[in-house]
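For reference, the structure discussed in these notes is given below.
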Amino acid sequence: MKRHTPLLTALLLTACTSSSSADDELGTGTDGADGDAGTLDASSDDASSDDADASSSGSGSSADSSGSSSADTSDSEGDDSSDEGDEGGEQTPDFEAVCEARGLEGCYFVSNTGNYPAGSEGHQLVIEEVSSQPFSPGDIILFARGDTWRHTGDGGLITLSSSGDAQDDIQFGAYGSGELPTFLGSLAASEWSELGGGRWESATEIPLDPSGIAYGAEVFFGREDGDAFFGRHEDSVAGLDKEGDWTWSNGRITVYAPENPGTAYPFVEVPQGQRLILLDNQEHLSFDSLRLRFMVSAGFYDSYGNAASLVGLSLSNSEIGYIGVENSGSAYGLSLERSGIHIANNRIHDCGRRSISLVLYETPASTISDVVIEHNHFHGGYHTTGVDIQSNTAASGGHLIEDIVIRNNLFAGDPSYDIQAEDGHSSNHIFMNQDEGSTLREVYIYGNLFTYAQGSSIKTSGGDGVYIHHNTFYGFNPSYDNYQAQIFGGNDNTDTVIVNNIFYNDATDNRYACIEFGQGLEAEYTIDRNLYYASDYAHARLLWVDSGTSFFFDDDWADYQAQTGFDANSPAPADPLFGAAPDDLRPGDGSPAIGHAVAVEWIDTDYYGDPLHEPPDLGAIQH
305 MKRHTPLLTA LLLTACTSSS SADDELGTGT DGADGDAGTL DASSDDASSD
355 DADASSSGSG SSADSSGSSS ADTSDSEGDD SSDEGDEGGE QTPDFEAVCE
405 ARGLEGCYFV SNTGNYPAGS EGHQLVIEEV SSQPFSPGDI ILFARGDTWR
455 HTGDGGLITL SSSGDAQDDI QFGAYGSGEL PTFLGSLAAS EWSELGGGRW
505 ESATEIPLDP SGIAYGAEVF FGREDGDAFF GRHEDSVAGL DKEGDWTWSN
555 GRITVYAPEN PGTAYPFVEV PQGQRLILLD NQEHLSFDSL RLRFMVSAGF
605 YDSYGNAASL VGLSLSNSEI GYIGVENSGS AYGLSLERSG IHIANNRIHD
655 CGRRSISLVL YETPASTISD VVIEHNHFHG GYHTTGVDIQ SNTAASGGHL
705 IEDIVIRNNL FAGDPSYDIQ AEDGHSSNHI FMNQDEGSTL REVYIYGNLF
755 TYAQGSSIKT SGGDGVYIHH NTFYGFNPSY DNYQAQIFGG NDNTDTVIVN
805 NIFYNDATDN RYACIEFGQG LEAEYTIDRN LYYASDYAHA RLLWVDSGTS
855 FFFDDDWADY QAQTGFDANS PAPADPLFGA APDDLRPGDG SPAIGHAVAV
905 EWIDTDYYGD PLHEPPDLGA IQH
């Protein structure tokens, strides 16, 4: 029933990624496992067998990408990406030591302030040369920490022109000390003049109206913690009457602010550049310890429809955020059309459409496979907060997306975010779609924390073989006004396995369920060994089969088990006794989650990398 290649087994058991020179020299490389794949059958033993529209019915460290080992599930604005992994994760490679050991052979240093290492003459580049310089497999290109580069207009700040190979990536990282090397797709507005009525005009020349660039972008206003918030475009100066309102006219930005924006905000950034890193059909590339912000369309971008057979991309210990407009038609942290992807230990947030887009459109048949997404922190969603996977209708033949591992990530929602506000938007944490004629199969989602979804935590619309194990789901955004579920299954799903999870439903009316799927699909779902709890048993739904059977928490548990055949070995609904939810989602002493899971062959550690108990506990974190 399930197809598991040796490579997929390696992906499930390790963070399988292309080996590279620095990894080999540092002893952190990971080789794919050969031989038999084994059996990944979560239904054995006791376990019985178009777009993310949320309005419709090596390994990294902890998913808190600050690098701490805290289970902080708050929005965590200002939470910077770490350059070191914690327990269970890899540290940033010491590229400088590797380059020194090489005598700088194949190493290059990039600065826009002249902050080059002593003795690096002949190995110094400016940013433009990163696009034009031919690189070889195993080369290392390092950007100066504390330096900032800006990009305006079409194209990218960097357009790759060289590939690594199956043995050695071309590697991009950081050198020196201080803040991450920062790539911005914006101009900083400054020198403000008061126009009256709370309106302020900047003297900075802004060539492009952000709202007029394809798909548009908002102005971003800085916060004291280093993060920012989306502004709101208005058509004229007369329309500026709320903090964050802005407009563009004759090459100038005017904003509404309670005081001079130069003192009210640490920065005001105006997007001008479409994308920052164009991969341009190059392969076997790795990136570490970078910050990408304030662009119109994408941080990393694969050429649309041209990446049918590309392989190799890794990103670690980085931050990507503040892209486009909320609910944009095209605003992605990473838009990728290739196989062999490893994305680990990053903070990816406030992307107007999707943080990670693995989407194949109406192009000739393409394949995305062998993807690991782990130990990341996703937040600030306006369409898809985390990962969007779509095998849509191909122009010819059929697309194939397969062997996707999403593990040990934090998908954080903000319960104070008002979806019903003028500029509010729903958002799923993970969305998957399979169109007729194309294939989406073998998706493994485990060890993740999902909090306060602005839609569904996991929403599927088609797919064959979706395995959802050892996750913890906590709460809904209370302002959502439609029917949703923490796991929402569409009408075309086959072989969906939901085992060893914890569902905490905080709904106060009957619109929200722990699990929902289409009527007549009961045979396609294996649901067992889960713990459910609701703060309002009379209103919260445990299970809802569209237009058919519905079970509430105050229904008889034995009747639910008998009528559905689900959760035969699950404990009765009870409080999981979290430490201090939602910030600490570890089951406490005496929790019914303890020791109630069934062992799954390819899961042996929890969210933090701690070994699972014998027998394991339910949820993402062991007690």
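Residue numbers for the sequence shown follow this note's numbering, beginning at 305 and rising by one.
Where a beta carbon is used, it is the ideal one built from N, C-alpha and C, also for glycine.
If we ignore side chains and look at the alpha-carbon of each, how far apart do residue 761 and residue 715 end up? Taking the sequence shown and counting its residues from 1, one reaches residue 761 at position 457. Taking the sequence shown and counting its residues from 1, one reaches residue 715 at position 411. Straight-line Cα distance between these residues: approximately 8 Å.
Would you call residue 356 buried or exposed, if buried means 16 or more other Cβ atoms sit within 10 Å of its Cβ? The residue you call residue 356 lines up with position 52 of the sequence shown. Residue placement at residue 356 is flagged as unreliable, the pLDDT there being 38, under the threshold of 50; the coordinate-derived value follows with that caveat. Its Cβ being crowded by 16 or more others within 10 Å, residue 356 is buried.
Sub-8 Å separation of residue 692 and residue 658 beta-carbons: The residue given as residue 692 occupies position 388 in the sequence shown. The residue given as residue 658 occupies position 354 in the sequence shown. Cβ atoms of residue 692 and residue 658: closer than 8 Å.
Can you give me the start and stop residues for the alpha helix (DSSP H) that residue 863 sits inside? Counting from one through the sequence shown, the residue named residue 863 turns up at place 559. Here the alpha helix (DSSP H) through residue 863 covers 861-868.
Helix, strand or coil for residue 541 per DSSP? The sequence position of residue 541 within the sequence shown is 237, counting from 1. Correct three-state label for residue 541: helix.
Straight-line CA distance for residue 651 to residue 459? Here the question's residue 651 lines up with position 347 in the sequence shown. Here the question's residue 459 lines up with position 155 in the sequence shown. Their backbone Cα atoms lie some 24 Å apart in a straight line.
To the nearest angstrom, how far is it from the Cα of residue 524 to the Cα of residue 626? As a first step, residue 524 is located in the sequence shown; it is residue number 220 there, counting from the start. As a first step, residue 626 is located in the sequence shown; it is residue number 322 there, counting from the start. Approximately 8 Å between the Cα atoms of the pair.
Let me know the secondary structure DSSP gives residue 567 once reduced to three states. Reading the sequence shown from its first residue, position 263 is the one you call residue 567. Of the three classes helix, strand and coil, the one that applies to residue 567 here is helix, per DSSP.
Could you check if residue 786 is buried or exposed, using at least 16 other CB atoms within 10 Å of its CB as the buried criterion? Position 482 of the sequence shown, counting from 1, holds the residue named residue 786. So residue 786 ends up on the exposed side.
Report yes or no: is there a C-beta of chain C within less than 8 Å of the C-beta of residue 826? Looking at the structure shown, chain C is missing, and only one protein chain is on hand.
Using only CA atoms, which one of 796, 559 and 487 lies nearest to residue 500? Residue 500 sits at position 196 when you count from the first residue of the sequence shown. Checked all of 796, 559 and 487; the closest Cα to residue 500 is 559.
Under a three-way DSSP split, which group does residue 828 fall into? As a first step, residue 828 must be located in the sequence shown, where it is residue number 524. Three-state DSSP puts residue 828 in a helix.
Residues near residue 699 by beta carbon distance below 6 Å, same chain, minus five either side: Here the question's residue 699 lines up with position 395 in the sequence shown. Counting only Cβ-Cβ distances below 6 Å, and skipping sequence neighbours, we find 666, 667 and 668.
With a Cβ-Cβ cutoff of 8 Å, do residue 820 and residue 797 count as a contact? In the sequence shown, counting from the first residue as 1, residue 820 sits at position 516. In the sequence shown, counting from the first residue as 1, residue 797 sits at position 493. Not a contact, by the Cβ cut-off of 8 Å.
If you follow the beta strand (DSSP E) that residue 574 is part of, which residue opens it and which one closes it? What you label residue 574 is simply residue 270 of the sequence shown in a count that begins at 1. Segment 572-575, the beta strand (DSSP E) holding residue 574.
Taking the Cβ atom as the reference point for each residue, do residue 588 and residue 441 lie within a distance shorter than 8 Å? Along the sequence shown, one-based indexing puts residue 588 at 284. Along the sequence shown, one-based indexing puts residue 441 at 137. Closer than 8 Å, so yes.
Residues in the same chain with beta-carbon distance under 6 Å from residue 351, minus the five sequence neighbours each way, listed in chain order, please. As a working note, residue 351 is residue 47 in the sequence shown. Confidence at residue 351 is low in this model, with a pLDDT of 34, below 50, so its placement is unreliable and the value that follows should be read with caution. Taken in chain order, the residues that qualify are 803, 832, 833 and 902.
Using only the alpha-carbon positions, how far apart do residue 850 and residue 720 sit? Residue numbering aside, residue 850 sits at position 546 when the sequence shown is read from its first letter. Residue numbering aside, residue 720 sits at position 416 when the sequence shown is read from its first letter. Between residue 850 and residue 720, the C-alpha separation is close to 29 Å.
What residue range does the beta strand (DSSP E) around residue 648 cover? Along the sequence shown, one-based indexing puts residue 648 at 344. That run of the beta strand (DSSP E) goes 643-648.
Given a threshold of 16 other Cβ atoms within 10 Å of its Cβ, counted over all protein chains shown, does residue 846 qualify as buried or as exposed? Taking the first residue of the sequence shown as 1, we reach residue 846 at position 542. Per the 10 Å Cβ criterion, buried.
Outcome for residue 918 when other beta-carbon atoms lying within 10 angstroms are tallied against a minimum of 16: Here residue 918 refers to the residue found at position 614 of the sequence shown. Under this definition residue 918 is an exposed residue.
Beta-carbon within less than 8 Å of residue 743's beta-carbon, same chain only, minus the 5 sequence neighbours each way: which residues are those? Counting from one through the sequence shown, the residue named residue 743 turns up at place 439. These residues qualify, in order along the chain: 695, 702, 703, 704, 705, 706 and 768.
With H, G and I counted as helix, E and B as strand and the rest as coil, what does DSSP make of residue 780? Taking the first residue of the sequence shown as 1, we reach residue 780 at position 476. Note: residue 780 maps to strand in three-state DSSP.
For residue 763, count the other beta carbons within 10 Å of its own beta carbon; 16 or more makes it buried, fewer makes it exposed. Which is it? As a position in the sequence shown, residue 763 is number 459, starting the count at 1. The residue is buried, with at least 16 neighbouring Cβ atoms inside 10 Å.
What's the gap between the Cα of residue 746 and the Cα of residue 799? To locate residue 746, count along the sequence shown from 1; it is residue 442. To locate residue 799, count along the sequence shown from 1; it is residue 495. Going from the Cα of residue 746 to the Cα of residue 799 covers about 10 Å.
Mind reading off the beta-carbon distance from residue 808 to residue 837? Whole number of angstroms is fine, and I expect it under 8 Å. One-based indexing of the sequence shown puts residue 808 at position 504. One-based indexing of the sequence shown puts residue 837 at position 533. That pair is a contact at about 5 Å.
Where does the unbroken alpha helix (DSSP H) through residue 620 begin, and where does it stop? In the sequence shown, counting from the first residue as 1, residue 620 sits at position 316. Premise fails: residue 620 lies in the beta strand (DSSP E), 615-620, not in any alpha helix (DSSP H).
DSSP three-state assignment for residue 603, whether helix, strand or coil: In the sequence shown, residue 603 corresponds to position 299, counting from 1. Residue state, collapsed to three classes: strand.
Where are the beta strand (DSSP E) runs, 3 residues long or more, that stay fully inside the segment 714-793, in chain order? 714-716, 732-738, 743-750, 753-757, 762-765, 767-773, 776-780 and 788-793
Beta carbon of residue 458: closer than 7 Å to some heavy atom of the ligand GDP? Because no ligand of any kind appears in the structure shown, any question about the ligand GDP cannot be addressed here.
By DSSP, does residue 399 sit in helix, in strand, or in coil? If you number the sequence shown from 1, residue 399 lands on position 95. Looking at residue 399 - three-state DSSP - the assignment turns out to be helix.
Give every residue of the same chain whose Cβ lies closer than 7 Å to the Cβ of residue 513, excluding the five residues on either side of it in the sequence, and list them in chain order. Stepping through the sequence shown from its first residue, residue 513 is reached at position 209. Correct list, in chain order: 552.
Buried or exposed: residue 622, going by 16 or more other Cβ atoms within 10 Å of its Cβ? For the purposes of this step, residue 622 is taken as residue 318 along the sequence shown, with counting starting at 1. By the 10 Å Cβ count, residue 622 comes out buried.
Residues that residue 498 bridges to, as DSSP identifies them: On the sequence shown, position 194 is the one that residue 498 refers to. 504, per the DSSP bridge assignment.
Going by DSSP in three states, residue 562 sits in which element: helix, strand or coil? Within the sequence shown, the letter at position 258 stands for residue 562. Looking at residue 562 - three-state DSSP - the assignment turns out to be coil, as it is neither helix nor strand.
For the beta strand (DSSP E) that contains residue 414, what are its first and last residues? Here residue 414 is taken as the residue at index 110 of the sequence shown, counted from 1. Unbroken beta strand (DSSP E) run through residue 414: 411-414.
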